[in-house]
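Residue 1 is where the sequence shown starts when you use UniProt numbering, and the numbers rise one by one after that. Before any comments, here is the structure.
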Amino acid sequence: MREVERAEKAAERARKVEAQHQKKSIQQAQQRKRKASRVLSPSNKRQKRAGAAHAGVQAGDELSATPAKVTSRQTNTTPPTVPVRTPTFLPSRTTPKLRATWLGHACYYIEFPSGFRVLFDPIFEDCCAPITIKSLKRYIPPPCGIEDLPIVDAVVISHNHYDHLSYPTIQRLQNKFPQAHFFAPPGNKAWFEKCGVSNVTELD
Numbered sequence: 001m002r003e004v005e006r007a008e009k010a011a012e013r014a015r016k017v018e019a020q021h022q023k024k025s026i027q028q029a030q031q032r033k034r035k036a037s038r039v040l041s042p043s044n045k046r047q048k049r050a051g052a053a054h055a056g057v058q059a060g061d062e063l064s065a066t067p068a069k070v071t072s073r074q075t076n077t078t079p080p081t082v083p084v085r086t087p088t089f090l091p092s093r094t095t096p097k098l099r100a101t102w103l104g105h106a107c108y109y110i111e112f113p114s115g116f117r118v119l120f121d122p123i124f125e126d127c128c129a130p131i132t133i134k135s136l137k138r139y140i141p142p143p144c145g146i147e148d149l150p151i152v153d154a155v156v157i158s159h160n161h162y163d164h165l166s167y168p169t170i171q172r173l174q175n176k177f178p179q180a181h182f183f184a185p186p187g188n189k190a191w192f193e194k195c196g197v198s199n200v201t202e203l204d
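Encoded structure:
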């Protein structure tokens with residue numbers, strides 16, 4: 001239980017750092033845009049916007065970089081994409097320090113120095129819904145598959161929304177890691193048991 005609490009805190013710290021970094025990058029981008037608008041002539045502004053409409057996020061750009069098409073006058077709600085890196089997991093339970101690997105959305109894989117391995121909010125499907133809905137489909141594939149995870153001792157589900165709790169993912173994890181213990185929100189134990197998961201504990 002103590003390892004799970006530590007894992008939750010580590011994941012929460014990672015989310016906060018990511019959110020702060022993204023907010024700072026957006027503010028800096030807005031400041032640069034305001035500064036440029038004061039010195040550019042109207043014709044240059046139009047050229048700048050036209051070029052920005054075709055700009056994209058390149059390999060090596062920061063995750064929080066604001067794409068030019070979002071700041072242009074064109075209405076385009078398509079989110080930017082970034083290169084997907086294949087994660088490297090430790091093949092054994094030996095590690096000198098805590099390692100946290102982001103696997104997309106709210107999913108994290110935590111490797112503790114003690115050898116304990118925890119998976120948070122795993123989603124490995126193409127669409128996080130019981131039926132295929134275009135607006136809920138992934139824009140980029142997950143960085144790895146369940147078959148690539150070497151060890152999973154515990155699976156922690158924060159809440160039972162489709163983008164955090166996936167029936168196909170739970171079944172695949174149960175099949176590959178039958179000894180893994182699942183931690184679920186209050187009121188969800190019966191659902192897990194119907195899925196064939198017996199090692200489940202409800203946590204508030």
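All C-beta atoms in this analysis are idealised placements derived from N, C-alpha and C, irrespective of residue type, glycine included.
Inter-residue Cα distance where the pair is I170 and R34: For this step, residue 170 is matched to residue 170 along the sequence shown. For this step, residue 34 is matched to residue 34 along the sequence shown. Each residue's alpha carbon lies about 48 angstroms from the other.
task: Under 7 angstroms Cβ to Cβ from V197, same chain only, skipping five residues before and after it: list those, please.
output: Along the sequence shown, one-based indexing puts residue 197 at 197. Closer than 7 angstroms at Cβ, skipping near neighbours: I170, Q174 and F182.
Residue from G104, Y167 and I151 whose Cα sits closest to the Cα of F116: By one-based count along the sequence shown, residue 116 stands at place 116. The shortest C-alpha separation from F116 is found at I151.
task: Enumerate in chain order the residues of its own chain whose CB-to-CB distance from R93 is below 7 angstroms, with the five nearest sequence positions on each side excluded.
output: Taking the sequence shown and counting its residues from 1, the one referred to as residue 93 is at position 93. Answer for R93: G115 and I151, listed in chain order.
- prompt: Do the region 117-124 and the region 147-162 make contact, defined as three or more Cβ pairs closer than 8 angstroms?
  reply: yes
First through last residue of the beta strand (DSSP E) which encompasses Y109: For the purposes of this step, residue 109 is identified with residue 109 of the sequence shown, where counting begins at 1. Looking at the DSSP string, the run of the beta strand (DSSP E) that includes Y109 is Y108 to E111.
field: Sequence ranges, beta strand (DSSP E) only - wholly within the region 158-187, length at least 3
entry: 181-184
field: E125 vs S158 beta-carbon contact at 8 angstroms
entry: Within the sequence shown, residue 125 is the residue found at index 125, counting from 1. Within the sequence shown, residue 158 is the residue found at index 158, counting from 1. Taking 8 angstroms as the Cβ cut-off, E125 and S158 do not qualify as a contacting pair.
field: Segment limits, beta strand (DSSP E) that includes E202
entry: For the purposes of this step, residue 202 is identified with residue 202 of the sequence shown, where counting begins at 1. Note, E202: beta strand (DSSP E), V200 to E202.
A154, DSSP secondary structure in three states: Here residue 154 corresponds to residue number 154 of the sequence shown, with the count starting at 1. A154: strand per DSSP, three-state reduction.
field: C-alpha distance - T201 paired with T75, whole-angstrom precision
entry: One-based indexing of the sequence shown puts residue 201 at position 201. One-based indexing of the sequence shown puts residue 75 at position 75. Their backbone Cα atoms lie some 46 angstroms apart in a straight line.
query: What residue from V84, P113, F177 and W102 has the CA that sits closest to A12's CA?
result: Reading the sequence shown from its first residue, position 12 is the one you call residue 12. A small fix is needed here, since residue 12 is Glu in this sequence, not Ala. Selected option, being the one with the closest Cα: W102.
- request: Kindly indicate which three-state DSSP category K137 falls into: helix, strand or coil?
  value: In the sequence shown, the residue the question calls residue 137 occupies position 137. Residue state, collapsed to three classes: strand.
message: Checking 8 angstroms against the spacing of the C-beta atoms, do N160 and N188 come in under that value?
response: Start at 1 with the first residue of the sequence shown, and residue 160 comes out as number 160. Start at 1 with the first residue of the sequence shown, and residue 188 comes out as number 188. Yes, they are a contact pair.
- request: Assign Y108 to one of two classes, buried (16 or more other C-beta atoms within 10 Å of its C-beta) or exposed (fewer than that).
  value: Locating residue 108 in the sequence shown gives position 108, where the first residue counts as 1. By the 10 Å Cβ count, Y108 comes out buried.
field: K16 to A190 span [Cα, whole Å]
entry: For the purposes of this step, residue 16 is taken as residue 16 along the sequence shown, with counting starting at 1. For the purposes of this step, residue 190 is taken as residue 190 along the sequence shown, with counting starting at 1. Answer to the nearest angstrom: the Cα atoms are 32 angstroms apart.
query: Going along the chain, which residues of its own chain have a beta-carbon closer than 6 angstroms to the beta-carbon of R99, five neighbours each way excluded?
result: In the sequence shown, counting from the first residue as 1, residue 99 sits at position 99. Here the set comprises E111.
- prompt: Which residue comes first and which comes last in the alpha helix (DSSP H) that contains A190?
  reply: Position 190 of the sequence shown, counted from the first residue, corresponds to residue 190. Segment K189 to K194, the alpha helix (DSSP H) holding A190.
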